[in-house]
Structures are given as structure tokens and as C-alpha cells.
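2 protein chains.
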Amino acid sequence: MSNSVIKIVDLFYNPKSVAVIGASKVSMKGGNRIVNNLHSNGYKGQIYPVNPNYNEEDELCGFKFKRSVLDIEGEVDLAIFYVNNRIVTNILKDCVKKGIKAAIIQSAGFEEVGVEGLKLRDEIAAITENFSKLHIIGPNCMGISRFDGDYDDKKGGFFTGQFTLTNYKRGNAAIITQSGFLNGGIAPLIFRQYPNLGFRYIVSIGNKMDLGENEFLEYILKDDTVNVIAIYLESFKDPKKFISLCRKAKQLPKKTIILVKGGKTSQGMKAASSHTGALVEDERLIDAIIKQAGVIQANNFFEMFQFLRTFSMMYKSGKKFPRKGNIALVVGSGGMGTIMGDIAMKYGLKFPEFSENSYNILKSVFPNWMPPNRFALVDSWPTMEKAMMDAAKKAKSTAKKSTKKNAINEKERNPFRMMGSFGNVMDVIQRAVLEEPNIEGLFISMPGGPRGRESTMDFMTPMLKRIAKYPKPVFFYSMMESEGSLEMLRLCGKYNIPLFTRTEDIAKNFAILVQETKNKERFSKTS
Amino acid sequence: MSNSVIKIVDLFYNPKSVAVIGASKVSMKGGNRIVNNLHSNGYKGQIYPVNPNYNEEDELCGFKFKRSVLDIEGEVDLAIFYVNNRIVTNILKDCVKKGIKAAIIQSAGFEEVGVEGLKLRDEIAAITENFSKLHIIGPNCMGISRFDGDYDDKKGGFFTGQFTLTNYKRGNAAIITQSGFLNGGIAPLIFRQYPNLGFRYIVSIGNKMDLGENEFLEYILKDDTVNVIAIYLESFKDPKKFISLCRKAKQLPKKTIILVKGGKTSQGMKAASSHTGALVEDERLIDAIIKQAGVIQANNFFEMFQFLRTFSMMYKSGKKFPRKGNIALVVGSGGMGTIMGDIAMKYGLKFPEFSENSYNILKSVFPNWMPPNRFALVDSWPTMEKAMMDAAKKAKSTAKKSTKKNAINEKERNPFRMMGSFGNVMDVIQRAVLEEPNIEGLFISMPGGPRGRESTMDFMTPMLKRIAKYPKPVFFYSMMESEGSLEMLRLCGKYNIPLFTRTEDIAKNFAILVQETKNKERFSKTS
């Protein structure tokens, strides 16, 4: 059976020819963009634009229009529908007649609109003889994507969505979703926000009249290049199968599944039912499924993308996942440290005590009037003041020896110099923490947040290179969303170091690593 | 007593002359920057830089150095300390001798470092005869700020912190804080992040050896230009007084207090104690204080600034605060709508049913194959598709009449055109919702997030102008932090419309308005 699932999904992912029903020369229309998305990203097979309003001389991306799938001479493996819901059934009959085995129905207006939509569903089931003659993704979906290469160098992939994808990157993440948005409008924003987060698959399953989350999960789990799979569901199609697949994933090396379940409350369910026609599910049942499946739960799309990024980076850079939740924090503000203390505790994390050795190393960079804490919350503010004082003293003694007082004064004002001496202090602190055996990871809060200045970048790059070498996860925190923090986010990304702009986020994202370690232990024991 | 508190605080806020102990010509040092911060922002009084390492010919910002406060000929109202903790007490004796009535001690290394620090505290109490001769802010603080004008036009204020403030804006917000960071490194970032959020006061109270949150709260409550006060505390100095002041605020028009309490957990307390020497407080006691005070609680600094911004904007634009939590959502993704449904419910918000009238207006912009919901969750995606189809049809019929087919094709590709027709649709939807009596506010989710393109801005500005006129709060949501969303955030800010990048945030920020309405009702009844 498992083999047959792979074969079925391959009908969609490896077609030799594709008919785009509703293709159009009008660039605003989805049918136009689907053809473009396939063609411009290097789909090698035959594309047939199908639309009865065009003639056989008309072309799109160099492919001649056909008025009906029945007019196509060669074989067609996959049909993509982007037409009004009312004409779907008639064209589907033609597809079956033509011997087409797979269709992605992107049109909306089925189960989610009530009685009329349910009638359409029944007609489709009858036409396809319960999907035995022709398998369906959708309806009410936004297509499937597979990323074969990066956009820049080895551009390529198989993209059936109506949003033309550019600037993507192939990587170890995948998404299976009941919200087309995740393969649509938001995808380009994610690629830009996290340019180092690469994807292998994004599948919009819509109302999942035939194929659903389980078939794609099974398919994706076979791909060794995928480490983390995020799934957005408004209902479970076959909860038992879902649980068993998720548990199976726990036995595989380097696989994590993240789940966002929409429609847990009565208001959410009402919304889900008008969105994908999802049936009401009991909240306790949902929670039981999540617990039994041992997946990481995210509460919204933002969190989902953040978790994807965290796992993607940790797997990619071969980090050792934490088990005890022992974390160290280096922060430039005591108030922020206090709040982080509360938040860390809320997420089950602990700041352990330093060993005598680490404590003594730390003490060397602190001023006498303010020694460091004995526990792993390092308020670096006094070290910064000390570094500044030391730099000023040094400058003064140099100035005394020199006669060119003004020249020295200018040099002394140079922020690089100050940054440099503070950089050394940070080096000492970070080393002490990362080499302390009892600490599993490090949070670094940028004092005041990065300003996006060149000097900050010059200061950051060697630091990132240095700490990226340790097998312990290091997370950065920079308060506020700003142009500077976005620049910093991308710079950190290059070293697989995630940057967060919220205190809750940084704790939560470390806690899910601990949770995943425990999940893996739990399921390896019970299996 | 109240009058005397105002007089005491005025010693700090309206001094005719200020001595800066530890002033320095070295720009890296805090004592240098304090003089600069006072001078460059237009402090009109006399400034005396004090440092025994300089001679009387030495100058800073045009003010001659003094080797001791006792060398100053004129009267000194306020002394600001930026020197090593060990020399504070000796200089403080001189201050008392000189008849100085107020000192801000920014030096750290007191209660928070244990036994040695406690000894220093006792000495200070003895020297000042329990603060009767000289009042103290701090120690371990980062100064106080009062904003008299905007940075651009009527630049001016009274700033004693060691971070030179620029680009600030006077406004209806204030902060009282035990984290100096909020008057330090983070302030410039906040000014840049929320350029339309203006402040009147920021007060860093540090260890609050003498003056604390209550004195400043009382002082600030007297200022009619302040509507919202955020307070960050690691301990309560006099909880009873605090509760009574907060309750008093509830009787005043347009006043809201936001509280962040750091050190609620054992880890947070440990951190707080090493930060400001705060004593351990029972979590249940803290919760009881918050409840009795009727304040809005924030969990971290980010949330605090976001809440500040929300209340500041709502008061500034005279919005009607919601009471029932009846909200409408316009969203371009059904999945996002489903998640918003769950999150809204979590925060006690409801999407009410539309009246027949509003429903019919909405229906007119939806396609037949996908009518709108009966409840106030408007998935605008189908209206966008309809608008695009209509625009395409129109373009086609124009093209038929014309012979210049290619020219029309180009015109039809113009995104402005498409945006324009979708803009009309959004207008219809927003009007219908904002004029529905049962709806108290509107969330608008930008489909796919703003891209920061000129066309988006052109599209946004008339929309913002239109909806800003309604007395109901309108909140924008745009997923992802991006350069585009930051631009949009600032644009929305001009119209007092807050933009959020997280689904949880938008719901939470509306829920605090409902909570504040209820708080005001509760305390007007019980008083």
C-alpha cells in the first residue's frame, strides 16, 4: 500500500505532460500564471494550455492552446484546473475520457459553500469512480511545489501554483497545508525574510476530497534531504494513519514534524468550515492526536515558520539538541535579564550554576564593583563599561606619551576601537559559557539591538564565525523589528544562527528542541 | 503630602543648575554624554562639570570644569553622579555640605551586589539623614527624561541619561522603570520603530533607595498631556500606595497604566535581586496587587511598547474603546482567518453576525460561486479574484473595440489598474463593516503582506485616510517583519492605525482596550 501511495503522488510530481485548464493570455488570470510558473522554472515536459476561447494559433510561453483536453494528441499525465467551479465536472468527464490519471483542482466553491458544493463533490466522486480512475488534489487549493535547485545557480523546480515563484532556495524544509496562502502570497515573503531557509516541497491540499495530508507526509518522509515538515490542518482525514506516520518519523534520523491545527475553538471551526468545509472536531480529540503523534505544535503561521527555521538550521549545522533545557544568557540589560529569567522558567528552561573554572574566567572581564552572577545569566553591561574605561585609560596613557593630543582624541573616538575591545570581552564570555559542560545552549541578546551600521557588521561577523563552530545551539535576540535587525537576521542566518525579536520566541524555540529530544526518546522506547 | 511629593520631584525636573559628577572630556564616558545630553537638547540652566582630574581652564560644551562641588560658587539644585560606587559617599557628603537638595546616582554597585553594597546604602542614609537633607533617584539607574518638544521643530527637553537622545517626539506616553535600558539603549530604537509614538517622561528609578515608582506616578498623573503610563518594576516599594494611585488614575479621564512585573518566578527573582537588589515577592501577592490596581499587565518590554503605542494612538485619535469585544476581520487567506478565529476566541473577542443590510452590501462584491460568511469574518480572496476577472473582462471588451491589441495588453498588465479595482472592493467591505452598529472594531489583514512598493503605498494612503475617520479602532495586520512592513507600519502610524506582524498581537491589543473599558467601569462603581 505504501508503494502505491508513492506511485499515486508521483503522478502529480513527475508528470511527462501537463494540461492547464483555464490557461489564459491575460496576465492577471491564475491560468496564465500557472503556465508561467511551470515554464519559467524549467519544467521539462509538455505543457498544454486549454481554453475554448482561444484558437489553435494562439500561444502561451510558446505552447499552442487547445480548446479541450480531447483535442490534445499526445498523452496527458496531469490536468490543473483553474476555472469556475460550475464547469469543473464537465471538463473532468473529458479528462477521464482522455485517460488522464491525475488532476489538481485549484478552483474554489465546493464543500465549503454548502449544499451546492456538496452536490459537486458527489458528481466528481461519481465521474472518477471514487477517484479510482483519476486522483485529485484539492479542490480549493493553490497547487504543489517541488524545489529541485536554488533560484540563482541551478534554478529549477516543479511549481503548479498561480503565484510565480522566484528567489527560492532548495533546502531541508517542507510544508503540507490546507491554506493555499502558504504556497501562494506568503511564500515569496518567507523566501525574502529567511533567505537561508530552503524548501523541498510545499503542498496545498485544499479540501482534500481525495488525497490528503497522509499521502504527502508518507511521500515526503521518503526524501532523505527533508528534515523538517510543517503541516497546517483544519481537519484530520485519517487520524490513526496520521499518528502512525508521525511516530514512524520519530524512528527516522533527523526528522521533525510541526503541526498547526486551525479550528480548535467554536469560532475557528466556523471559519474552517467556510474555508475548506472542514467538519467540527472535538478539541480534546485534537489534543489527544497531537500528543499521540508526538509532533511539535505551533499556534499560528508565524510560529510555524519560526519553528521550521529553527529545526532547519539546527539539523543543517548538525547541532546537538538540548535535553535538560540548561541555557546561558548573555544580555546587556539587567531588566531584560530579569524578564528572560521569568520567561525561561515558563518554558521549562534553567540557568545552571557555573563551575568554578568558568566563573573565574568570567570574573576576569568584570569590574570589581560588579562581579558576575554565580548562575548562567551574564549581564554584560558592567563588562562593557569596564572595557570602555580600560580603552579610555589606554588612550590617555598613549596621549601622555604623545604630543599630538588631538590626533589621539580622534582615534580614541573611533567606534571600531571600542567595539574591538568589547569584542574581546564578548569572546571571553562566550567561550567560557560554550565550554561549560553543564550548559546546552546560549542566548545572546544584542545590547540595544543592532543598528545596522557597518561597524556592527564588522564586529558581528568574526563573532558569528567563532560561535558557529560549537556544537551547542546559539540563538540571538535583538529587540525590535528594524531595518538593522533584518540585516542582522540575514547575516546570522548565513551561520545557521537564528535571530529572534521577542523574548518569548527565543525561549519557546529552544524549548521545542528539548521537547523534540524527549519525543524521540519516548517513541524509541515505546516502539 | 501629595503637594510635597510634587515639590520633591520638581527638585529633579526643574533644577536651575546641575552638577555632573564624573563629567569627562572623553566621549566614550557616561559623564561626557550626560553633559552633552543636557546641553544639546536645550537645557537652559547652568551646568557644572565636576572632576578632580581636570583644571579650571578645562571646558565641556562651553562649561568650565570644577574639581569639587564645593568649588562651585553659585547654588546647585541637582547633582548627577556618574562615578565609581566607592567614591559616591564622600562626594555625597560634599553635596550635603553645599546644600544640594537632590541627586541622581547613576552609578551601580549598591544593594544589588550584596553585603558591601548594603553597607554603602546605610552610609548614604546616614549622610542624608534618611534623605531628609537630600533626595535621591537611584542608585543604579540611567537618569530621567522629560520631553518638552519634538526633536525636529521645537527640539527640547530635560535629559540626564548617558545616552544622548535625538529624533524623539513629545507625546502622551510615559515610562517609569527599574530597567535603565528603557531610558538608555532601547529608547532610540523605539523612537525609530514607532516614530509617531511620542513621550512626555521616561524615568529610570534603579534601586529606588529613596524615591520610587509611587512618587513619579503621582507626579505624572498631574500632567494632563499624558494618557498612558508604562511601569516596569522588579519589586513594589509601597504596594498599598501603588494600588491607591492606580485606582485614582481610573477616575481621571483618558489615563491608562500598563505594568510589567519582572521577577515573578524563582529564576526571575534571582535575576532581579542581582540587578536592582529587589527582594523576593510572592507571586500570588503580585497577582493580587495587579488585580486590585486594575492595571493592564504586559509580559515583556516588547509587549509593553506595543500596548503603549495602542493606547497612545487610541487616545490621541479619540477612538471609542470597545466593550463587548465584537470585532470584524477582513483577511485574504481563509487559513489565516481560521487561525484568527481561534486566537480571537482565546482573547475573548467575537465575530458577530452581520445585519441583513451589511450582508447584502458585502454580497455585492463577492462572486456567485463564493458568497461571504454570515458572521464578521470576511475572506476577501474571492472578491479579489472577482475584481481581477471583472477588470480582465473590461480590458477585453475595450481591446475588441480597439485595433491596437498590444497597447491594451500592456495597459491591462498595469498593477495600479488592478489595485484600483480591488481598492473599490475594499472600500465597500470596510464601509459595510464600520457602519454595522454591532461591530466595535476592525482588523484588516493585508493579503500576502505589503511589499513596500509605490503602488501599494498609493493604494494604502486613501484607504487609511478614509478609515481613520471612523470612531471605531481599526488595526492592521501584516505577516512577517520586512522592509515593506516597516514602511507600512510608519505610514499607518501617521493615521493612528497600529500595524501588527503577529496574529496573537492584534487580538491581544484589542482585548486590552476591552479590559480597560471594564476596569474603568469596575472602579467607577466601587469608588
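As you go down the protein sequences, you meet chains A and B in turn.
Residues 40 to 566 in our numbering are what the first sequence spells out, letter by letter.
Residues 40 to 566 in our numbering are what the second sequence spells out, letter by letter.
Virtual Cβ for every residue (Gly too), placed ideally from N, Cα, C.
Rounded to the nearest angstrom, the gap between the Cα atoms of Glu555 of chain A and Phe390 of chain A is 20 Å. Only Asn123, Asn124 and Arg125 from the region 116 to 128 of chain A bring a Cβ to less than 9 Å from some Cβ of chain B.
Around the C-beta of Cys531 of chain B, 16 or more other C-beta atoms lie within 10 Å, and the residue is accordingly described as buried. Around the beta carbon of Gly373 of chain A, 16 or more other beta carbons lie within 10 angstroms, which makes this residue buried. In the structure shown, the three-state DSSP call for Leu157 of chain B is helix. Residue state for Asp418 of chain B is assigned as strand, using DSSP reduced to three classes. Within the same chain, and ignoring the five residues on either side of Leu221 of chain B in sequence, the residues whose Cβ sits closer than 6 Å to its Cβ are Ile214.
Boundaries of the alpha helix (DSSP H) around Ser305 of chain A: Ser305 to Thr315. When the Cα atoms are used, Leu157 of chain A and Trp408 of chain B turn out to be separated by approximately 13 Å. Per the DSSP secondary-structure output, Asn365 of chain B pairs in a beta bridge with B:Lys389.
Distance from the CA atom of Tyr386 of chain A to the CA atom of Leu159 of chain A, rounded to whole angstroms, is 47 Å. Sixteen is the threshold: when 16 or more other Cβ atoms of the shown chains lie within 10 Å of the Cβ of Thr295 of chain A, as they do, the residue is buried.
Between Lys136 of chain B and the set B:Gly153, B:Asp116, B:Val154 and B:Val152, the nearest pair of CA atoms involves B:Asp116. At a beta-carbon threshold of 8 Å, the residues of chain B lying near His314 of chain A are Gly373, Gly374, Gly376, Thr377 and Asp418, ordered along the chain. Rounded to whole angstroms, the separation of the alpha carbons of Gln145 of chain B and Ile241 of chain B is 15 Å. Put simply, the backbone Cα of Ile139 of chain A is about 26 Å away from that of Gly223 of chain A. According to DSSP, Lys105 of chain A shares a beta bridge with A:Val89. The residue among B:Tyr87, B:Val553 and B:Phe360 with its C-alpha nearest the C-alpha of Pro510 of chain B is B:Phe360.
Each residue's CA atom was taken as its position, placing Arg209 of chain A and Lys193 of chain A some 10 Å apart.
In this chain, the alpha helix (DSSP H) harbouring Asn71 of chain B covers Gly69 to Ser79. Taking Glu114 of chain A as the centre and dropping the five residues before and after it, the same chain places the C-beta of Lys55, Ser56 and Gly138 closer than 8 Å to its C-beta, in chain order. Sequence-ordered contacts of the region 265 to 290 of chain B with chain A read Tyr271 and Glu273 [C-beta pairs closer than 7 Å]. For Arg125 of chain A, the three-state secondary structure derived from DSSP is helix. Three or more Cβ pairs closer than 8 Å define a contact, and the region 170 to 177 of chain B falls short of that threshold against the region 334 to 345 of chain B. Secondary-structure assignment with DSSP links Tyr240 of chain A through a beta bridge to A:Arg185 and A:Ala213. Note on Pro411 of chain B: 16 or more other CB atoms within 10 angstroms of its CB, so buried under the neighbour-count rule. For Arg470 of chain B, the closest Cβ of chain A is not nearer than 8 Å. Contact of Gly251 of chain A with chain B is not assigned, every C-beta pair being separated by 8 Å or more. The Cβ atoms of Val369 of chain B and Val417 of chain B sit closer than 8 Å to each other. For Leu538 of chain B, not one C-beta of chain A is nearer than 8 Å to its own C-beta. In the three-state scheme derived from DSSP, where H, G and I count as helix and E and B as strand, Ala430 of chain B is classed as helix.
Using a Cβ-Cβ distance cut-off of 8 Å, the region 348 to 366 of chain B and the region 278 to 285 of chain A are not in contact, since fewer than three pairs of beta carbons, one from each stretch, lie closer than that value. DSSP, reduced to helix, strand and coil, places Ser283 of chain B within a helical segment of the structure shown. Around Ser218 of chain B, the beta-carbon contacts reaching into chain A at under 8 Å are Ser372, Gly373, Gly374, Met375 and Thr377.
The Cβ neighbour count for Cys100 of chain B, taken over all protein chains shown within 10 Å, is under 16; the residue is labelled exposed.
Here Val299 of chain B is bridged, per DSSP, to B:Tyr271 and B:Ala337.
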